[in-house]
Amino acid sequence: MKLILFFLAFPLLLSAQTKQIGGQVQDANKIVLAGATVMLLDSNYQEIREVKTDHFGKFILMLDHPSGYYLRTSYLNFKSQELFFRSDTISRPLLLELIPEAKVLEEAQVVGRAPRLIRKLDRLEFNVQNSNLSALNSWDILKRTPLVMVNGADLMVRGNKNIVVLINDRKVMLTRDELKAYLENTAGSDVQSIEVITNPPAKYEAEGSTIINIKLSKSNLYGYRGTVVALAEKSSTWKQLFGLTQYYKNEKFNLRGTYNFGRGTYARYETNYVYYPNEQTSWEGVMDRFDTNNSQNSYVFSIDYTPDTTWTVNAGLNGYYGPKTYGIYEVPTVIYDKNHVQESSYFTTNDHQRSTKTNNLYLQVTKKLNSRWSINWSSYFTDNHSTNDQDVLTALRFKGEEPTYTRFISNNGNKNRLFSSQIDFTGKIKKLGLEFGGKFSDVKTTSTLAFFDDESGELEQRPDKSSVFDYKERNVALYGSLDYAWKKWSWKAGLRGEYTDLEGIVSEPADINKRDYFVLFPTFYMQYALTDDQQFGFSYGKRISRPAYSWLNPAKSYYNRFSYFQGDPRLRATIVHNLNLTWTKNNWNIDLFYRFEKWPNMEISRQDNNNHQLIFQYTNIKKGQGAGIDLGKSFQLTGR
């Protein structure tokens with residue numbers, strides 16, 4: 294008898310342990326909508342699961358723990374609906390009504406909501422989709438992102454420049470100037486959100502102190518639509534951007550094509566001061582640089598294919614092409630004696646031209662094995678070509694010498710190729726979240742320098758100052774992480790191991806550098822939700838910052854007759870330990886941080902007093918430390 298009663302009561306016991314929410318979706322005419330998408334998100338706007346309504350427009354979603362949730366409903370050309378609820382307040386099925394999108398454009402509206410700042414367990418998300426920042430270009434949005442500081446083309450987070458930039462979770466193989474140009478020519482309306490990940494989880498490669506992940510938006514409307522963007526900016530110079538984006542979406546395909554064209558003049562201002570103690574002279578110069586690029590082309594093509602609710606295939610191509618950036622720098626330098634009386638001078642004219650071409654291809658396949666487990670495989674390939682040619686003429690007016698002229702020409706070429714493939718398994722065992730996988734990446738880069746000067750009286754190539762630098766790097770990684778939520782607490786811990794094998798070969802001066810190493814990278818996160826809109830958190834992460842390929846090239850790259858840059862093939866990678874304490878309430882964000890670095894690399898300048906040359910190079914120092922506080926708030930100046 295007891296056994297019979299147990300089996301009769303078992304379904305009731307099961308339902309008491311697992312909460313659920315259900316309901317029906319219909320239109321304004323009370324017609325049920327079969328195949329509508331119902332998405333469940335947590336209080337931090339992170340997707341939990343997604344279902345489709347059945348033939349009767351009904352759905353059921355399981356709720357893992359008592360807390361606040363968002364429920365987002367969308368269907369074809371109907372306006373999406375969003376509902377916030379707490380699991381302990383739902384006592385009966387929901388009736389959700391969707392309203393069709395207007396088919397006639399009656400007026401043009403300027404979107405002006407404030408950006409949304411969301412503190413997640415392992416990152417800070419700055420959601421700008423349809424906000425008052427969407428009218429800007431992507432670079433200007435990045436400059437307004439909390440925690441991010443911009444100085445020229447340099448990105449910094451907490452004063453650290455070791456930043457890795459991702460676009461839709463894929464690494465960008467661009468220099469600082471190329472990235473700036475690419476984002477300046479990407480419309481802000483294409484940006485959904487920017488994630489600042491100061492302690493990246495084990496899923497991401499350990500490179501870089503901080504990851505900035507720029508997420509581009511996708512169309513949620515069925516059918517075709519297009520957008521046109523025209524921007525103009527006036528600071529010290531003019532810049533313009535024109536863009537066209539085409540979207541098409543049906544139940545299985547989502548296609549997007551974007552082309553942006555930009556042009557403008559870019560200015561940088563600089564003064565130089567060098568003191569030579571032997572002669573007690575100071576060399577002072579002014580360098581105002583103006584570069585013009587009248588053809589900056591960026592493009593994006595992507596296709597998403599969803600044959601059913603368990604399969605998703607994403608593929609795409611994006612890139613940037615700037616065929617010609619040119620300018621003439623005129624740099625006067627005056628040499629003063631110890632009494633600051635002019636005794637000599639020289640005038641440098643730098644006529645230069647640069648070009649850049651980058652293509653990125655990617656393929657991603659996701660398979661939902663069941664309601665709790667999924668597998669994701671992704672690969673991408675990047676090809677980057679750039680040239681930098683300069684013709685430098687220097688007019689010398691030195692004390693006690695006849696006026697003379699010297700000239701040199703340098704032609705630099707760079708080719709970079711990156712292939713990466715990664716597999717990720719994501720699942721859940723009861724309330725324990727699991728994530729594990731592996732990654733392989735291969736990098737090949739070739740840098741060539743052809744140098745000519747007139748030291749012999751005629752302009753001729755100098756083999757001793759020309760070089761070819763080949764660099765190869767392979768990286769194999771395995772990782773695993775666990776996450777768990779209990780009441781208002783959330784935890785996440787992970788471990789990543791990376792093996793790196795590298796080889797650098799330079800022709801002049803002849804040198805071969807081979808190295809391999811293995812490093813473990815632990816991560817830990819904790820967050821406590823004081824309320825639905827207020828969180829407190831702690832995180833720790835170990836990272837690595839590898840030298841840029843150009844820093845390893847020992848060939849001399851001349852700026853003018855009296856200054857050059859030279860790399861060091863023996864530069865060591867920097868190991869970084871990050872600790873964070875965070876507090877977030879509504880749009881307020883407070884972040885306390887501490888950073889310890891082992892063998893950090895930094896750019897130094899040293900003087901060759903005998904030849905009156907200023908030499909720039911990177912070197913390692915024993916350790917570095919940094920601590921501070923970031924305080925930020927997003928707000929809207931005027932209400933709507």
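Those letters in the sequence shown? Residues 294 to 933, per our numbering, in order.
By construction, the Cβ of each residue, glycine as well, lies at the ideal position given by its N, Cα and C atoms.
Burial state of residue i (16 or more Cβ within 10 Å)
i, result
"Asp447", "exposed"
"Phe813", "The sequence given here places Leu at residue 813; Phe does not occur at that position. Exposed: under 16 other Cβ atoms inside 10 Å."
"Gln402", "The pLDDT assigned to Gln402 is 40, lower than 50, so where the model puts this residue is not dependable; a value taken from the coordinates is nonetheless given after this. By the 10 Å Cβ count, Gln402 comes out exposed."
"Gly830", "buried"
"Gln820", "buried"
"Glu399", "Here the model assigns Glu399 a pLDDT of 38, short of 50, so the residue's position is not dependable, and the following value carries that caveat. Exposed is the call here."
"Ala560", "exposed"
"Leu326", "buried"
"Pro802", "exposed"
"Arg549", "buried"
"Tyr622", "buried"
"Ile460", "buried"
"Ala495", "buried"
"Gln635", "exposed"
"Tyr673", "buried"
"Gln683", "buried"
"Ile922", "exposed"
Under the three-state DSSP convention, the category residue i falls into
i, result
"Tyr629", "strand"
"Pro600", "strand"
"Asp462", "coil"
"Ser502", "coil"
"Ala920", "strand"
"Lys692", "coil"
"Gly481", "helix"
"Val397", "With a pLDDT of 42 at Val397, under the threshold of 50, the modelled position of that residue is not reliable, and no figure is offered here."
"Trp531", "strand"
"Glu544", "coil"
"Thr491", "coil"
"Ser510", "coil"
"Trp666", "coil"
"Leu326", "coil"
"Pro616", "strand"
"Tyr777", "strand"
"Tyr592", "strand"
"Ala803", "coil"
"Asn423", "coil"
"Leu296", "In this prediction, Leu296 scores a pLDDT of 38, lower than 50, which makes its location untrustworthy; the coordinate-derived value is nonetheless stated afterwards. In this structure, Leu296 counts as helix in the three-state DSSP scheme."
"Asn607", "strand"
"Gln402", "Low confidence applies here, because Gln402 scores a pLDDT of 40, under 50, leaving its location unreliable; read the following figure in that light. Coil, per DSSP."
Span of the beta strand (DSSP E), counted from its first residue to its last, around residue i
i, result
"Leu389", "Leu387 to Leu391"
"Ile434", "Element bounds for Ile434: not the beta strand (DSSP E) but the alpha helix (DSSP H), Ser431 to Lys436."
"Asp644", "Gln635 to Lys661"
"Glu791", "Trp782 to Val799"
"Asn913", "Gln906 to Asn913"
"Asn420", "Leu417 to Asn420"
"Gly315", "Lys312 to Asp320"
"Leu448", "Asp447 to Val450"
"Asn444", "Val441 to Asn444"
The alpha helix (DSSP H) enclosing residue i, as first and last residue numbers
i, result
"Arg409", "Taken as a continuous stretch (DSSP letters only), Arg409 belongs to no alpha helix (DSSP H), being part of the beta strand (DSSP E) at Arg409 to Arg412."
"Tyr475", "Arg469 to Glu477"
**Message:** Restricting to runs no shorter than 3 residues, where is the beta strand (DSSP E) found entirely within the region 815 to 900?
**Reply:** 827 to 838, 849 to 853, 856 to 859, 867 to 878 and 881 to 891
**Prompt:** Are three or more beta carbon pairs between the region 788 to 802 and the region 772 to 779 nearer than 8 Å?
**Reply:** yes
**Request:** Could you tell me whether the region 517 to 537 touches the region 498 to 506, where touching means 3 or more Cβ pairs closer than 8 Å?
**Result:** Verdict: no, contact absent.
**Request:** Could you name each continuous beta strand (DSSP E) segment of 3 residues or more that falls completely within the region 550 to 586, going from the start of the chain to the end?
**Result:** none
**Prompt:** Counting only runs that start and end within the region 328 to 385, where is the beta strand (DSSP E) found for 3 or more residues in a row?
**Reply:** 330 to 335, 340 to 345, 351 to 356, 361 to 367 and 374 to 379
**Item:** Contact the region 474 to 482 vs the region 422 to 435: 3+ CB pairs below 8 Å
**Value:** yes
**Complete runs of the beta strand (DSSP E) confined to the region 718 to 772 [at least 3 residues]** = 725 to 746
**Item:** Cβ contact check for the region 914 to 929 and the region 874 to 882: 3 or more pairs under 8 Å
**Value:** When Cβ pairs closer than 8 Å are counted between the two stretches, the region 914 to 929 is seen to touch the region 874 to 882, the count reaching three or more.
**Request:** Say whether the region 656 to 673 touches the region 628 to 636, bearing in mind that this needs 3 or more beta-carbon pairs closer than 8 Å, one atom from each stretch.
**Result:** no
**Prompt:** Does the region 732 to 744 come close enough to the region 756 to 770 that 3 or more CB-CB pairs lie under 8 Å?
**Reply:** Yes, since at least three Cβ pairs between the region 756 to 770 and the region 732 to 744 fall closer than 8 Å, the two stretches touch.
**Prompt:** Are there three or more Cβ pairs, one per stretch, closer than 8 Å when the region 718 to 725 is compared with the region 687 to 706?
**Reply:** no
**Message:** Three or more C-beta pairs under 8 Å: does that hold for the region 638 to 647 against the region 587 to 598?
**Reply:** no
**Request:** Report yes or no: do three or more beta-carbon pairs, one from the region 380 to 394 and one from the region 316 to 335, lie closer than 8 Å?
**Result:** The region 380 to 394 is in contact with the region 316 to 335.
**Prompt:** Would you say the region 839 to 856 touches the region 885 to 892, given that touching needs at least three Cβ pairs under 8 Å?
**Reply:** no
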